[in-house]
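*Asks:* Take this structure first; my questions come after.
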Amino acid sequence: MRFLKELRVLVLFSMMAFTAISMNAANENDEFDWSPVVDAIIHVESRGNASARNGQYVGVLQISPVLVKAVNQVLKAKGSSKRYSLKDRYSERKSREMFEIFMSYYNPSNSVEKAIRMWKGGTGYSVRATQRYYRTVMKYVDFD
């Protein structure tokens, strides 16, 4: 009986430690590597063409003016003086930065699925409406 009690305590302690580690990792957004996801989205959105344009969406990640505005609002809320312009959407480096800033605010748990679906359907995305896009992007995600 004592063995079972000790085992329960050990299991409970392990679960608490795992939860604490997981929560800490989720809060350290700067350490999360979005590269495999962004690379896949770039492939699907523009095939890597920095000059790609589809209406108001431009650049390798097909960024809209609304997203630039949202990123600038996040930066302002964080007390940063950095701001992005519409021209910055044509820079792959700056587009990647905007993606990461957007995700740090709207996806702090670093959910890959949520990131892909939000990129297609916005912060209020519908799983059903983003299903095809999600599956397509996931074909190109390489976590190795």
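Position one of the sequence shown corresponds to residue 0 (numbering that gives the first Met the number 0), numbered consecutively onward. Glycine included, every Cβ here is placed at the ideal spot set by N, Cα and C.
1. How about ARG116 and THR135: do their beta carbons lie closer than 8 angstroms?
2. Using only the alpha-carbon positions, how far apart do SER84 and PHE101 sit?
3. Mapping the DSSP letters down to three states, classify GLU27 as helix, strand or coil.
4. One question on the structure: do ALA145 and SER45 come within less than 8 angstroms of each other, judged by their Cβ atoms?
5. So what does DSSP say about TYR83, is it helix, strand or coil?
6. On a Cα-Cα basis, can you pick out the residue from GLN55, VAL140, ARG95 and HIS42 that is closest to VAL70?
*Replies:* Per the coordinate set shown:
1. no
2. 15 angstroms
3. Note on GLU27: pLDDT 46, under 50, position unreliable in the model; no value is reported.
4. Look at the range of the chain in this structure, 0 to 143, and you will see that residue 145 is not part of it.
5. coil
6. ARG95
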